[in-house]
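Chains as they are written, first to last, in my numbering: chain B, -18 to 145; chain Z, 192 to 397.
Put into structure tokens, the structure is as follows:
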């Protein structure tokens, strides 16, 4: 066994380097208090709150926040980028000519159709035996069928200019 | 939780009398958090170091070390005292770490701690890098990375034996108790692990 130990002497010297790896200064000052805090909180070894759950699932978010801690310039750059996005969003929202014009045209067309339809509808209803009225209650009453024809409130309407 | 009389700290200059570990365990088992705090303080550095050397990642080591102490506190009632508290605690930490590493198998990410000041003045380490790199700091950092990469290539049981014996200086007997195997197994694992490491780090060992 001693022969083996001698064979690996240089490796053992190299492994001594691992003993010089130390955690950040002051790390152990708060370690036990963190453990006790988690025990008091009834922690079962899993994350204690939704924020830790979120961090656990989104490692990129944790790394981003750690980067903010380490280098505040990242935080400034991130905030600047957010402000720029907000500014661009406001500018984009204040450009009415792109979307409002087609909407206005559509609204005008609907209004003209609504203005024409009542008269022509009542004339065609007289011819087909459908009672029309401006009274909303009366117009909803179904008319009894006199000749075995089916009568319903919804009838197909055609707008033909020939007048037949 | 039951809070009993305060534990006299060993770093207190007026009352330096160390409290017996067995009585601390008894009190902690009854729910005395102050006694458990003392136990955590006594073992935190070695438990953290073992897990850190196994994972090569400070954040993972921090989480696993904390969870090991939490789990140990919750399982204290089942601790019969057949082995020392220290060995029992080590077993919990080691099992937790090995389970974690099995889950993380293909997602190895190193987050290495800084080397302390003494590393730059270690004659053995200087002898290893002096003829290879012009700048000492760069040489040590490179060596540290290569060494950790090589260790991560070992299987978990082999890595654990090297960490416990060659890095932390534990005896074969103590390692056998922690790993719950016989001393012969510890020795053969250590030999095989060293052989592998020697091959992986041959450039630095000539």
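Where is the CB? At the ideal position from N, CA and C, for every residue including glycine. The structure displayed is predicted, hence computed values, not measured ones.
Within 10 Å of its beta-carbon, does residue i have 16 or more other beta-carbons around it, so buried, or fewer, so exposed?
i                     : result
residue 288 (chain Z) : buried
residue 53 (chain B)  : exposed
residue 38 (chain B)  : For residue 38 (chain B), the predicted model reports a pLDDT of 49, less than 50, meaning its position is unreliable; a value from the coordinates is still stated below. That one is exposed.
residue -10 (chain B) : exposed
residue 304 (chain Z) : buried
residue 278 (chain Z) : exposed
residue 392 (chain Z) : buried
residue 290 (chain Z) : exposed
residue 374 (chain Z) : exposed
residue 390 (chain Z) : exposed
residue 301 (chain Z) : exposed
residue 281 (chain Z) : buried
residue 360 (chain Z) : exposed
residue 379 (chain Z) : exposed
residue 218 (chain Z) : buried
residue 228 (chain Z) : buried
residue 11 (chain B)  : exposed
residue 264 (chain Z) : buried
residue -12 (chain B) : exposed
residue 296 (chain Z) : exposed
residue 223 (chain Z) : buried
residue 18 (chain B)  : exposed
residue 260 (chain Z) : buried
residue 13 (chain B)  : buried
residue 366 (chain Z) : buried
I need the DSSP call for residue i, collapsed to helix, strand or coil.
i                     : result
residue 305 (chain Z) : strand
residue 2 (chain B)   : strand
residue 248 (chain Z) : strand
residue 359 (chain Z) : coil
residue 318 (chain Z) : helix
residue 238 (chain Z) : helix
residue 394 (chain Z) : helix
residue 379 (chain Z) : helix
residue 341 (chain Z) : helix
residue 219 (chain Z) : helix
residue 228 (chain Z) : helix
residue 209 (chain Z) : coil
residue 20 (chain B)  : helix
residue 296 (chain Z) : coil
residue 256 (chain Z) : helix
residue 415 (chain Z) : A question about residue 415 (chain Z) goes unanswered here, because the residues of chain Z that appear run from 192 up to 397.
Name the residues in the region -10 to 15 of chain B whose C-beta lies less than 9 Å from a C-beta of chain Z; which are they?
-> -9, -8, -7, -6, -5, -4, -3, -2, -1, 0, 1, 2, 3, 4, 5, 8, 9, 12, 13, 14 and 15
Runs of alpha helix (DSSP H) wholly within the region 47 to 76 of chain B (minimum 4 residues, chain order) | 53 to 74
Taking any Cβ of chain B, which residues in the region 224 to 236 of chain Z have a Cβ under 8 Å from it, in chain order?
-> 224, 227, 228, 231, 232, 235 and 236
Looking at chain B, which residues of the region 360 to 377 of chain Z have a Cβ within less than 8 Å of any of its Cβ atoms?
-> none
Going along the chain, which residues of the region 252 to 283 of chain Z sit with their C-beta nearer than 7 Å to a C-beta in chain B?
-> 257, 258, 260, 261, 262 and 264
Quick one, which residues of the region 235 to 249 of chain Z are near chain B if we go by CB-CB under 8 Å, in chain order?
-> 235, 236, 239, 243, 244 and 249
Residues from the region 62 to 75 of chain B in contact with chain Z, defined by Cβ distance under 8 Å = none
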